[in-house]
Structure formats: structure tokens, C-alpha cells
Amino acid sequence: MTEDMSPAERYAAAKFRAAEQATALAPFRELYDFELDPYQVEACQALESGKSVLVAAPTGSGKTIVGEFAVHLALAQGRKCFYTTPIKALSNQKFQDLVKRYGPEKVGLLTGDNSVNGDAPVIVMTTEVLRNMLYAGSQSLVGLGHVVMDEVHYLSDRFRGAVWEEVIIHLPESVTLVSLSATVSNAEEFGDWLDTVRGDTAVIVSEHRPVPLWQHVLAGRRIYDLFEERDGQVGGRREVNPDLERLARMENSRPTFGRDKRRGRNMREADRERERRQRARIWTPSRPEVIERLDNEGLLPAITFIFSRAGCEAAVQQCLYSGLRLNDQEGREQVRRIVEARTAGIPDDDLHVLGYFEWLEGLERGIAAHHAGMLPTFKEVVEELFVKGLVKAVFATETLALGINMPARSVVLEKLVKWNGEQHADITPGEYTQLTGRAGRRGIDVEGHAVVLWQRGMNPGALAGLAGTRTYPLRSSFKPSYNMAVNLVSQFGRHRSRELLEMSFAQFQADKSVVGISRQVQKNEEGLTGYRGSMVCHLGDFEEYSRLRRELKDRETELAKQGAVQRRAAAAAALEKLKPGDVIHVPTGKYAGLALVLDPGMPSGRTNGHRGFDAQDGPRPLVLTAERQVKRLASIDFPVPVAALDRMRIPRTFNARSPQSRRDLASALRTKAGHLVPSRHRKPRAEAADDREISRLRTEIRAHPCHGCDEREDHARWAERYHRLLRDTRQLERRIEGRTNTIARTFDRICALLTELDYLEGDTVTDEGRRLARLYGELDLLASECLRAGVWEGLAPAELAACASALVYEARQADDAVAPKLPVGKARDALAEMVHIWGRLDALEEDHKISQAEGVGQREPDLGFAWAAYRWASGFGLDEVLQEADMPAGDFVRWCKQLVDVLGQIAAAAPPEGTVARSARKAMDGVLRGVVAYSSVG
């Protein structure tokens, strides 16, 4: 091809190649045995030119290549690179990858409870560790050139997202930032913010999946394509598969056989049989059937997402009971060797408790579960075997979709509904994209497959909408905290801290939303000018006349409301006087007429064995009507006061659920009181008739010059439109005011509370404030107040572990029915005092308008893990502790590791002269043992 070039063109090409070879990117590309994608090259070139970069690309598309280039660039320049990830498992994985490439002497790991080679030029860490280093002014930051923030879209996370923004804002200006994100629909907006706070930032967005993804629906024995490609090619116009739409119509239609009397019996039987056969095609296959079908189609390995831990475990058991085997004898032996090597350090007694042998049986057959309730070691083994191809079917909760490098050929979704902590809700397009993004292994699979199981009532069009919406917006979850406030004030003072918080992505998004509202306000003001002109009257000031009419209307409305309130109060007072056995006449409603009061239904507490109701509901009497119906009435059935017409004795043997009892008592009611006629309720004179204010306004209106205008009502209509638009405009202005400086206002409230508690004095952080600066977590202020009050002084290590557990533990589902079991003695008293201190802080937060609903403030300490923590720290065995805790091993280990973390913070923050620091260190040793201590690096 060079022969066809002119000498000038050959010279230019040679010059270009020489220039490319002189870059750091050229030797980096040679480290890989595949060509980099265009977006990867573009991002790496921007990085080498000195720009920060934001890379948004689909899951599995290789965006971490850009992060690895930042590591390569930092080492080439003799500088440091920090590689941050949101979760420890990801940190472990990336640490292992980088050690293989650069050697153990150049790569370190910091994950809160683990430190490996912390002085290395490349350190992999969780984002929280970097945040803490920034606030502490760590010497490790000296010489830092690049920071990679993997999975930066985590900043949307409600609980931990603020950490990402803190890091981005506080990193030194000299540091180049590499932000790696899943595909988000507002990447440009996020890039604009990064440009504002970090300087020149290149935004590189790639929608291209290196491995094409095919969408399917599995119904009965057949796998249907979700889309039918038009225009003869992939990527052409996509329509929902008409076969699926036909299935949905068939399922929703009612059986038609047997309706046409003109047709013979044989014809009806034939129709019936044909319809049966058609409907038999629509069923949801069992979990073993799904795996067998995928295996037959060559679509394994597969990850099946089930939004329940119990569901994942049940799926494995179902596959085992069905006799499903996906590994041959050689594969089984390989699995056993790997598993035994990885679990060699776990005592045999603990293995038995952890269900090791059932788990191993599944692994040997190539089947496993993966969820947060599993022991971390067990999860890591599943991941390793899956990547090696020795586990071919994994049943997982959605947590697997969050960054773990565990791609599959196929992803199966059992349902498109999940429990979100409050209710069962449809999964979002973003969640669907994240889950199905696991399908298709680059360099292994030609294509990936997403399979959704047919469920009754499925709408193929809605599923196509989910699959077709490839992106989701990134929303900031940033909120100031007490720890953040003292750290910021300590480093920058109040004024500069306020300015820094104004730079958050949360405020950036709020300010952008204000632009549209401001534009609407401007339009409204133009409209107000026009309306004002249209209501001008030649006889006088129509705006003043309109104001008088509006005041009159408001006063009449106010009196009408007062009258309604008084009537309801009188009716409620009359209901409160009712007693069982009173005969009444229900004035209105479905059950109007004669009735016998069985239970007055008083608010709160119990009356005659019947449970009461909330006070706001008012009395709700239970009555027997003359038509033998027993009904609980409401205040709406009594718009006017009701009085007892007579009294009757209710037999002790009366049973409201017995038709015979109701019939007999209703008959007695009609006999005794059927002739009684209730007195008519006289409507009271309207208060407006005697109101002086209304009389004054009516007099002024009649005396106003505009009252005699022939076009008065026309002017009034324009005035009404004017005031309606004015009211809407004022609401918009209040919204603007509410969204402007929201983060800074919250910061001011937090600082005011901390000043009241003597943590801050103006721009100075007190000794107590410096202690708070070393305590991180949701209940940072509560921990600090407990240290100040000496609540934990004199506690044994196990007792302190029980108390500290309340600072980290949060039950997956609130259970107020049963009080948690607590240790006796000093630990119980200390826990009670912690709750008392929290109550005082909660009242203070309310005074300072700090709302937990907005994600700021201290939640109530949860004592649900205190007994388990106490027993484990006291040295009891895993079997005993887990049985009493009624908790999966994985959850137990996770809470214990968080407990170790908070005990370390308490040890560092506690006054040296007391006993707390020593007890905290001993408690850490007591908790960090057995299965809690045994895990891979991190």
C-alpha cells in the first residue's frame, strides 16, 4: 500500500509512526494481545496529554484499560497512582491483576481492615480509605500523580455515594483524575461538573458493546427472540417479536370453547383440544429445566438473577434434587482440589456449621449460589471456579452485578420485579442494563444472551422498553455529615468549607434545575404584565377592588371551614357518649337507618375487648343494622350529632359472626325501636350572616367606583387569572430559593449544632471536635458523645463489642415486635444510656431542623447484633452464635468486620488515660478470629 503513496505521504506516515512510538501509549498497547478500542485509545491519549478523563461505557466493554494506563503512566513518570474501588472484593481483584503485571513490590492494598505494602507507588484501596487519608493529610499523598475512581457511578448510592464527591472535591489540584462509569444518560452533565471542580476533563462516552447482546424470552420449551430485526440486518429497525405478542394475547384471552350451540359436539371437542395445546405452550419452566435448556442450546455458563437470598439457595437445592450434573469426573476432581486448598484454614467444626459439604456437592456438579449472606471465602471460591469454567450455573442476587469481574455467556432474569426495601417494584431500565451487562465474555463469546423467563401477565412491549432503554441518569446523593463538618472546618475554616460544599455535584445539579424554573418565572412575569393591562378599569383602581373581593371570598371560605370543623367536633363528641346497647339512627351513608351500638370504637386502647383506633380517626362505632349487618362505621357516616333513641340489652351469647345471632338481635331491635323517629337536626344560622368583617368588606365593595362598571365581571376574570398566575409564580420562586445553597444551609445547621455541643468555636475545632474527626460512620456524633460521657468506661472487651455493634448494625427489615436479647450487667446499662443520648441528640437535631428524612442526622442505634457480638467476642463457637443470632454466616462476618473497623476508630479516638482504648483493642482481637479473620487479602 505504501507503494501507492507519494514520497511526501510516505514521509508524513513515517513521521506519524515515529511520533506515536515516542508516546507512553505505544509500549502500553504492546502489553495486550488485542487491539484497543477507539474510545480506549481516545481516553488514553487525553490522559497522556495531561487531562483528567471521564469514561462512560457499558459493563464488560473494557473501560478499566484506561485505569490501567493511568497506573502505567504514573510509574513511567516516577509518580504514585491510587486505584480506588467501591467494594473490598473489587479491590482484591484489581490488586491481584496489578501484582501479576507489575510485581508485588510495586503494588499495595489498603481496605480498612487490611494493609499490604502501603508505601508502594501503586496502591489499590476502597474509596473510604482515600477519603480518610485526605482528611488526615496523610504523607502517602506526597508524589500522588493519578487517582483512578472505578465504578464512579456509585456516587448515586444513597448510603455511601457522598464519599466519591468528597474525594473528587478534596484531591489536590495537581492530581489527574480518571473516572470510570457505567453508561449513564447524563455523562456530559457529570463531565461539566468535573470540569468545574477538577479543571480540563475529557468526556469519552461509548455506547458500543464489544460482544453483541441478544434478548430472549423463555416460555415453555421454546426460547423466543424478544426483537425481530427489520431491514435485514442487526442494528436495523427493531420490532417486538409478533410471536411473543401473540402468546400474551392468548394468555389474556378467555377460553372460547363450548359457546357455539350450532356446532356439533365433535367440533367443540376439536376446538377445545386445539386451545389446550396452544395454552400448554405458555408456562414458566422450573429452574433445573432452564439450566438444562441453556446447556442444550450451548448458552452456559449462565448467571440467573433471583432477587432473594433464600431463592438462590433454593434454586441450587432444586437443581441438586433433579440430578443435574454439569461437570464430568475430571471437572469434579479439579473443583474439589481448589475448594479444599482455599478452605484449608477453616476449622472442621466451622465448616460443618457453614453447610460446607452441601455447598461442595453443588460446586462439584457445576452449580452454586452467590449472595451477600455467604461467607466471603465461599463467594470468592464461586467466583474463581466460575471464571475457570468449573461452575457453569450461578444463582445470584443483584449484588453480583456491582462490578465483580464475573462475566457469563448468558444472563437469566426470573422476574422483572424486586423488593426495594419498602415494596415490590419493577426493576428500572438502569438495573436491567446493569444485570444483563454481564452477558457476553470478551475474547471468548461471539455474542451474549439475556433470557427473561415468561411470567403470567408479562407484557412483551414493556420488556422491550426495558431492554431498549440502555442508560440511566446519575443523581448525586451528597449530604454533609458531622465528621465531614469538623474535618472541613479544621482544614479550611467555615467560610472556605461552605464554598467547597457549594462545589458538590448535588449543588451543581440543583443549580442546573433552577435554570429551567427561572425561565418559567420570567415567562410568568411577562404574562402578569399582560393580565394587569387587561384588568384596567376607567372608573378606578380595579386591582384594589379585586383585592376586596378576594378578601371577602377568603373570609367566607374560612368561616365555612370553621363551621365544618365545629360540626365534625360536635358529631364526634356525640359519638363519644355512645355506649354498647344504645339504639341510634345513622343519618346518612350506605347503612343509614336504625342501628344498635355493639362497640363505641373509641380511639386508642381497648374498649370491651375491641381494639381501638388512632385518635385522628375519631370514634368508629361497631353497629348492628336493622337489616342484620354488622359494620364498623366512620365519622363520615355522622355529619350531624347523633343521640341514643333508646337502649337494649345485648345478650352475652351474641356472636357477630353468627347469622342466627345477627338475625335474632336485629329482629329484637326492630320490635323495640322500629316505631321511633329521630328528631330532625336543625341547621344552625350561618356565622357569615353575623360576621362584622364580612359586613365591612361588602360595604366597601358596594362603595368602590369599579363596582358600577359595565365591564366589571370581564375585568374580574382577568384579575382572577392575574392572581392565579401570581400565586404560581410565588411558588416557583420559593422552589428556587429552596434549591439554591441547599448544601451550604444544611452545613450551617450542622455547624450550629456542633457549636452548641462545644465541638466547634467559630473557625476553631475543639479537643472534642478533633475526637469526632477520627470517627467515621452513620453514628459518628453518637459515638463521640458516648466517649465524652464515659459511657463505655470500665466495660470488658466483649461488653464494649456489644455496645459498638449498635453503631454499625442495621437490621435488613425492621422488627419492632420482639425486643432484642441483650447482655446483662454493665453492657445492658451502657446500651440503655446510648439510646438515651441518641434521644437527646435527636431532639437537638429537630431544634436545628436537621432531618433524617433528607439523609442527614443520626438514626436510632440498632441493638439487634449486640448479643451475637458479645457472645462471639467472649469466645463462644460459631455454631452457638449463629444459632442464636438467626443470621447467615456471610452477614455475620460482614457485621463483625464492620464492628472491628468501628472498634479501631474508638481505640484511636478514646482518651489515653481511660480504659476504653485498651478494651477496644482487646475487643478487636476477640472479634477478629475464626471465620471472621479467615478470608483472602482484604
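In the numbering used here, the protein residues as written are 430 to 1367. By construction, the Cβ of each residue, glycine as well, lies at the ideal position given by its N, Cα and C atoms.
Along the length of the segment 1263–1321, whole beta strand (DSSP E) runs at least 3 residues long do not occur.
Its chain contains Ala1024, Leu1025, Leu1027, Val1059, Ala1085, Arg1091, Leu1094, Ala1095, Leu1098 as the residues whose beta carbon lies nearer than 8 Å to that of Leu1053, once the 5 sequence neighbours on both sides are disregarded; these appear in chain order. One thing to note: Val484 has its Cβ within 9 Å of the Cβ of Ala472.
Following the DSSP letters along the chain, one finds Gly791 inside the alpha helix (DSSP H) bounded by residues 785–793. Remark: C-beta atoms of Ala939 and Ser926 do not approach each other more closely than 9 Å. Bounds of the beta strand (DSSP E) holding Cys510 are 509–514. Between Asp466 and Tyr512, the CB-CB gap reaches or exceeds 9 Å. For Leu780, the enclosing alpha helix (DSSP H) has its first and last residue at 777–782.
If you look at Met554, you'll find it isn't in any alpha helix (DSSP H); it sits in the beta strand (DSSP E) that goes 551–555.
Gln746 and Glu827 have their C-alpha atoms some 20 Å from each other. With 16 or more neighbouring CB atoms inside 10 Å of its own CB, Leu527 falls in the buried class.
Pairing Thr1184 with Glu1190, the inter-Cα distance amounts to about 6 Å. In the DSSP assignment, Ile1013 is bridged to Ala1024. In this structure, DSSP gives Glu1222 a state outside helix and strand, which the three-state scheme calls coil. When secondary structure is reduced to three states using DSSP, Ser839 falls in the strand class. By DSSP's assignment, Ala854 forms a beta bridge with Lys847. Minimum Cα-Cα distance from Asp1143 among the listed residues Thr806, Ala854, Ala486, Ser963 corresponds to Ser963. Membership of Ala825 in any alpha helix (DSSP H) is not indicated; the residue belongs instead to the beta strand (DSSP E) covering 822–825. Per the Cβ contact rule, the segment 641–654 is in contact with the segment 869–887 (3 or more Cβ pairs under 8 Å). A check of alpha carbon separations from Leu895 across Glu928, Leu845, Asn912, Ile1123 identifies Leu845 as the nearest. Nearest in C-alpha terms to Gln1334, of all of Gly890, Tyr1205, Arg1156, is Tyr1205.
In the DSSP assignment, Gln920 falls within the unbroken alpha helix (DSSP H) covering 911–931. In the three-state scheme derived from DSSP, where H, G and I count as helix and E and B as strand, Val604 is classed as coil. Distance between Gln763 and Trp788, taken at the CA atoms: about 15 Å. By the neighbour-count criterion, in which 16 or more other beta carbons inside 10 Å mark a residue as buried, Thr1128 falls on the exposed side.
The residue from Leu892, Glu876, Arg678 with its alpha-carbon nearest to that of Ile856 is Leu892. Counting along the chain, Phe971 sits inside the alpha helix (DSSP H) bounded by residues 971–1005. A residue is called buried when at least 16 other Cβ atoms come within 10 angstroms of its Cβ; Gln863 meets this threshold and is buried.
Considering only Gly1284, Ser975, Glu980, the residue with the shortest C-alpha distance to Arg1141 is Ser975. Going by beta carbons, Asp586 and Pro515 fall inside the 9 Å limit. Annotation: Ile652 is outside any alpha helix (DSSP H); the continuous beta strand (DSSP E) that includes it extends over 651–654. In the DSSP assignment, Ser1124 falls within the unbroken alpha helix (DSSP H) covering 1121–1132.
Counting only the Cα atoms, Glu1313 lies some 12 Å from Ala1295. Closest in alpha carbon position to Ala475, among Asp462, Ala453, Phe463, is Ala453. Between Cys748 and Gly791, the C-beta gap is smaller than 9 Å, which places the two residues in contact. Close CB contacts of Ala1102 within its chain, under the 8 Å cut and outside five residues either way in sequence, are with Val1012, Leu1023, Leu1074, Asp1075, Met1077 (chain order).
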